[in-house]
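Structure first, commentary second.
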Amino acid sequence: MIEILNPTELSRARDTGAVVANILQSLKSRAAAGTNLLEIDLWAHEMIDEAGARSCYVDYEPSFGRGPFGHYICTSVNDAVLHGLPHDYVLADGDLLSLDLAVARGGVVADSAISFVVGESRPAESLAMISATERALSAGIAAARPGARIGDLSHAIGTVLSEAGYPVNTQFGGHGVGSTMHQDPHVPNAGRPGRGYVLRPGLVLALEPWVMADTAELAVDDDGWTLRSATGCRTAHSEHTIAITDDGAEILTLPGDPQR
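Count along the sequence shown starting at 1, add 1163, and that's the number in our numbering.
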């Protein structure tokens, strides 16, 4: 299913996006060496409730997971990159933490992810990987405009990641967003320009470049959810929800003051 949002729905999407962005930035500021992943999940729960929103993950039960997910946010550490199930783990200085949050508010979903290094350590390899995903995300957003095709976005993202020296997995990537979290079209993190669905105003997409330092192969934890690099290397993940406008693309998951 592909939804095209009307102006009223897009206004709600901006509000939902601000909720997601505000929560992620708050969690980033609070996450420190000694913080337990279950604390982060609890904080996310509290802030989601306070915003009058609903986490898209609690009852999430896709065919590839061992559901329902049962938590409010994805917390992926070091070699974990996607769908990290919060568990009893205490963050250490230098850990690379990725937080992925999707919530629904006013009938519209927004989805975003950030990666950052915890504590005072600044491992150069981790920072370079995070930077590559952020630059790839910016490139994908820059390519998004009416008349462009999904392949144009995928090509822009994949070019940045590949030129930075990272293998690219296309099994999981970006996706349509609307009244539900995961919709068509799928937006792989590599692709051929000029191919795929034609973008038009009102289409909302979550673009999410993610990489693993030395492999494109994933391994699944025993929890049935957490996806890790098959080699144990570190990973990074960046994501924004965007809306296609008459002039290009608008980033919806930016911090702001959502309307009640």
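Glycine residues also receive a C-beta, built at the ideal position from the N, C-alpha and C atoms. What you are looking at is a predicted structure, and each value in this text was computed from that prediction instead of being measured.
query                                                                                                                : result
Best match in 1266, 1239, 1229 for proximity to residue 1125 [C-alpha to C-alpha]                                    : For the chain, the structure presents residues 1164 to 1423; residue 1125 sits outside this window and is missing.
Exposure label - residue 1346; buried when at least 16 CB within 10 Å                                                : buried
As assigned by DSSP and simplified to three states, the class of residue 1165                                        : coil
Residue 1362 versus residue 1273: straight-line alpha-carbon distance, rounded                                       : 18 Å
Secondary structure, beta strand (DSSP E): runs of 3+ residues fully inside the segment 1356-1390                    : 1367-1370, 1373-1375, 1381-1383
Residue environment, residue 1195, which counts as buried when at least 16 other CB atoms sit within 10 Å            : exposed
Per DSSP, cross-strand counterpart(s) of residue 1337                                                                : 1350
With 16 other Cβ atoms within 10 Å as the buried cut-off, status of residue 1305                                     : exposed
Contact check, residue 1180 vs residue 1275, beta carbons under 9 Å                                                  : yes
Opening and closing residue of the beta strand (DSSP E) in which residue 1264 lies                                   : 1259-1268
Extent of the continuous alpha helix (DSSP H) to which residue 1404 belongs                                          : No alpha helix (DSSP H) contains residue 1404, which is instead part of the beta strand (DSSP E) from 1403-1407.
Any 3 or more C-beta pairs closer than 8 Å across the segment 1182-1202 and the segment 1248-1265                    : yes
Residue 1228 versus 1247, 1213, 1296, residue with shortest Cα-Cα distance                                           : 1247
Sufficient close CB pairs (3 or more, under 8 Å) joining the segment 1381-1397 to the segment 1350-1359              : no
Sequence-distant residues of the same chain with beta carbon closer than 6 Å to residue 1412, five excluded per side : 1304, 1307, 1405
Coil, strand or helix - residue 1202 by DSSP                                                                         : helix
Heavy atom of the ligand GTP within 8 Å of residue 1389 beta-carbon                                                  : Absence of the ligand GTP from the depicted structure is noted, as is the absence of any ligand whatsoever, leaving it without description.
Residue 1223 versus residue 1182 - alpha carbon distance                                                             : 20 Å
Outcome for residue 1249 when other beta-carbon atoms lying within 10 angstroms are tallied against a minimum of 16  : buried
C-beta contact flag for residue 1226 and residue 1300 at 9 Å                                                         : no
Helix, strand or coil at residue 1245 [DSSP, three-state]                                                            : strand
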